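To keep things clear, I will list the structure first and then write my remarks on it.
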Amino acid sequence: MAKIFNTIEVNASENYQVIVGENLLEKVGEFLSPLLSPCKIAVITDDIVDGLYAKQVINSLENSGFQVFKFVFKKGEESKNLSTYGKILSFLACHEFSRTDGIVALGGGVVGDLSGFVAATFLRGIKYIQIPTTLLAQIDSSVGGKTAVDLPEGKNLVGAFKQPSLVVCDVKTLSTLTPEIFTDGMGEMAKYALLDKEIYTLLSNNAPLESLISACIDYKRKVVEEDEFESGLRKLLNLGHTPAHGIENLSGYTIPHGKAVAMGLDIILSASKKHNLITDKDFEDMQEVVKKCVGKISCPFSLEETLGHAVNDKKRSGDFITLIMVFGIGDCRPVKVEINKLKEYLGY
Ligand code: GLY
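Note that the sequence shown covers residues 3 to 350 in our numbering.
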């Protein structure tokens, strides 16, 4: 039978495949078998994805000889905390999971980040696979090994780098997303379009979603292979994220990440134009692509409010913060800005 999925090989501290295609959930057991001998698998998911996809995944794993235990938590960013993290660790310990057992993260970015952090730390690390079911998780958070939980003081403040052993992106799962959650993923897609000319062209030419997803993953693969632990190049993936984190935080996380990233891109594009880093034509074209992804952008907070939160940003180092600025389509570069000049630098 002809191959009906696309495979992207990531060569990082762990080498793994990202498989992109349709109707892949029923093949998860088959994909996992070469990586893990029959063992215990904890399927970690949220209460929405549970009802939609857990059964298919569990059936597939059981048919391949795995013994499956399911942990379900309440959907949403508010579950990505130390309390849920502790409950999952206890769940694994109660079921006597060992280092040769594994975790399957089934869901969006919250499920992936939380499960990945559990996998990074339980018994000092066990294998995990990502089955991202949102666009945002498929093109960004499931690939590259960033795992984390939030603290009351801020997002992703505790975490570890831990590459998955496999990522399975079933694009059919995107059909059950609400338009709002789908558009949230398109905010991250807009980020990739500004970072990479090829993705920009694909988007401008209305390429099919599956090729766009593969192109974003492949771009991320290249970045992660060169700079897995974010000492340089990987910082580019934070384009738009300094203002975005402020916006998410100010909204009490009611504005989701991808939408906040799109608002952040708007702020960065305007500042790039103000500092003559880009031509008026590129500015307009890039604004158009962002709009095409997420619709009209209107940030409910002033720049002053938004940037007030930047002082706690992970990208801060001493009195400086590294912003990623746009110098052209597919040409983004880091610029160090003094924290107390940030508002002036980004202001209109
Ligand atoms: N989401 C940005 C990164 O993985 O580096």
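Every residue gets a Cβ at the ideal spot worked out from N, C-alpha and C, and that includes glycine. Values in this document were obtained by computation on a predicted structure and should not be read as measured data.
Taking Phe-68 as the reference, which of Ser-85, Arg-236, Val-106 has the closest Cα?
-> By one-based count along the sequence shown, residue 68 stands at place 66. Residue Val-106 is the option with its Cα nearest to Phe-68.
Anyone know if the C-beta pair for Ile-50 and Lys-77 falls short of 7 Å?
-> Start at 1 with the first residue of the sequence shown, and residue 50 comes out as number 48. Start at 1 with the first residue of the sequence shown, and residue 77 comes out as number 75. A contact, by the Cβ cut-off of 7 Å.
Straight-line gap, Glu-228 to Ile-299 (C-alpha atoms, nearest Å) = For the purposes of this step, residue 228 is identified with residue 226 of the sequence shown, where counting begins at 1. For the purposes of this step, residue 299 is identified with residue 297 of the sequence shown, where counting begins at 1. Glu-228 and Ile-299: Cα-Cα distance of roughly 33 Å.
Beta-carbon contacts of Lys-276 that lie in its chain and below 6 Å, excluding the five residues immediately before and after | Residue mapping note: residue 276 aligns to position 274 of the sequence shown, counting from 1. Once the five neighbours on either side are set aside, Lys-276 has no close Cβ partner at all.
Check whether Thr-135 and Thr-175 have beta carbons under 7 Å apart | Here residue 135 refers to the residue found at position 133 when the sequence shown is read from its first residue. Here residue 175 refers to the residue found at position 173 when the sequence shown is read from its first residue. Here Thr-135 is near Thr-175, since their CB atoms are less than 7 Å apart.
Of all the beta strand (DSSP E) runs that stay within the bounds of the region 25-90, which reach a length of 3 or more residues?
-> DSSP runs (the beta strand (DSSP E)) wholly in the region 25-90: 42-48, 69-75.
Examine the Cβ distances between the region 276-287 and the region 240-252 and report whether three or more of them are shorter than 8 Å.
-> The region 276-287 is not in contact with the region 240-252.
Would you check whether the ligand GLY has a heavy atom nearer than 6 Å to the C-beta of Gly-111?
-> The count along the sequence shown starts at 1 and reaches residue 111 at position 109. The ligand GLY has no heavy atom closer than 6 Å to the beta-carbon of Gly-111.
Exposed or buried, which one is Gly-189 when buried takes at least 16 other CB atoms within 10 Å?
-> Residue numbering aside, residue 189 sits at position 187 when the sequence shown is read from its first letter. Buried, since its Cβ has 16 or more Cβ neighbours within 10 Å.
So, are the CB atoms of Gly-147 and Lys-164 less than 7 Å apart?
-> Reading the sequence shown from its first residue, position 145 is the one you call residue 147. Reading the sequence shown from its first residue, position 162 is the one you call residue 164. If you check the CB distance, Gly-147 and Lys-164 come in under 7 Å.
Three or more beta-carbon pairs under 8 Å between the region 21-34 and the region 204-217, yes or no?
-> These segments touch.
Met-3 by DSSP, collapsed to three states: which one?
-> Position 1 of the sequence shown, counting from 1, holds the residue named residue 3. Confidence in Met-3 is poor, its pLDDT being 47 and thus under 50, which makes the residue's placement unreliable; the coordinate value appears in the next sentence. Coil at Met-3, not helix or strand.
Under three-state DSSP, which class holds Gly-187?
-> Indexing the sequence shown from 1 puts residue 187 at position 185. Note: Gly-187 maps to helix in three-state DSSP.
So Asn-83 packs on Asp-152, CB below 8 Å; how close in whole Å?
-> For the purposes of this step, residue 83 is taken as residue 81 along the sequence shown, with counting starting at 1. For the purposes of this step, residue 152 is taken as residue 150 along the sequence shown, with counting starting at 1. Correct: roughly 6 Å between the Cβ atoms.
Please find out if some non-hydrogen atom of the ligand GLY comes closer than 6 Å to the beta-carbon of Asp-142.
-> Here residue 142 refers to the residue found at position 140 of the sequence shown. Checking the Cβ of Asp-142 against the ligand GLY gives yes.
Buried or exposed by the 16-neighbour rule on C-beta atoms within 10 Å, applied to Asp-321 = Residue mapping note: residue 321 aligns to position 319 of the sequence shown, counting from 1. Exposed, because fewer than 16 other Cβ atoms sit within 10 Å of the Cβ of Asp-321.
Compute every distance between the C-beta of Gly-260 and the non-hydrogen atoms of the ligand GLY, then say whether any falls below 6 Å.
-> Position 258 of the sequence shown holds residue 260. Short note on Gly-260: C-beta not closer than 6 Å to any heavy atom of the ligand GLY.
Whole-angstrom C-beta distance between Val-296 and Ala-264, which should lie under 8 Å = Position 262 of the sequence shown, counted from the first residue, corresponds to residue 264. Position 294 of the sequence shown, counted from the first residue, corresponds to residue 296. With a Cβ gap of about 4 Å, Ala-264 and Val-296 count as contacting.
Put Asn-207 into one of helix, strand or coil per three-state DSSP.
-> Counting from one through the sequence shown, the residue named residue 207 turns up at place 205. Three-state result, Asn-207: coil.
In three-state DSSP terms, what is Leu-271?
-> In the sequence shown, the residue the question calls residue 271 occupies position 269. The answer is helix: DSSP assigns Leu-271 an H, G or I state.
Leu-252 by DSSP, collapsed to three states: which one?
-> Here residue 252 corresponds to residue number 250 of the sequence shown, with the count starting at 1. In the structure shown, Leu-252 adopts helical secondary structure according to DSSP, grouped into three states.
Outcome for Lys-193 when other beta-carbon atoms lying within 10 angstroms are tallied against a minimum of 16 = Position 191 of the sequence shown, counting from 1, holds the residue named residue 193. Buried, by the Cβ-count rule.
Taking Ala-262 as the reference, give the member of Ala-56, Glu-232, Asn-240 with the closest Cα.
-> In the sequence shown, counting from the first residue as 1, residue 262 sits at position 260. Per the C-alpha coordinates, the member of Ala-56, Glu-232, Asn-240 positioned closest to Ala-262 is Asn-240.
Who pairs with Pro-134 in a beta bridge, going by DSSP?
-> Numbered from its first residue, the sequence shown carries residue 134 at position 132. BP columns for Pro-134 point to Gly-109.
So does Lys-275 have its beta carbon nearer than 6 Å to some heavy atom of the ligand GLY?
-> Start at 1 with the first residue of the sequence shown, and residue 275 comes out as number 273. Not so, every heavy atom of the ligand GLY lies at least 6 Å from the Cβ.
What do you reckon, is the C-beta of Lys-57 under 6 Å from a heavy atom of the ligand GLY?
-> As a working mapping, residue 57 is identified with position 55 in the sequence shown. Distances taken from the Cβ of Lys-57 to the heavy atoms of the ligand GLY include none shorter than 6 Å.
For Phe-93, which residues of its own chain have a beta-carbon under 6 Å away from its beta-carbon, when the five flanking residues on both sides are left out?
-> For the purposes of this step, residue 93 is identified with residue 91 of the sequence shown, where counting begins at 1. Closer than 6 Å at the Cβ level, and outside the excluded window around Phe-93, lie Phe-73.
For Leu-309, count neighbouring C-beta atoms within 10 Å of its own C-beta (all shown protein chains included) and say buried if the count is 16 or more, exposed if not.
-> Locating residue 309 in the sequence shown gives position 307, where the first residue counts as 1. Burial state of Leu-309 is buried, judged by a 10 Å Cβ sphere holding 16 or more other Cβ atoms.
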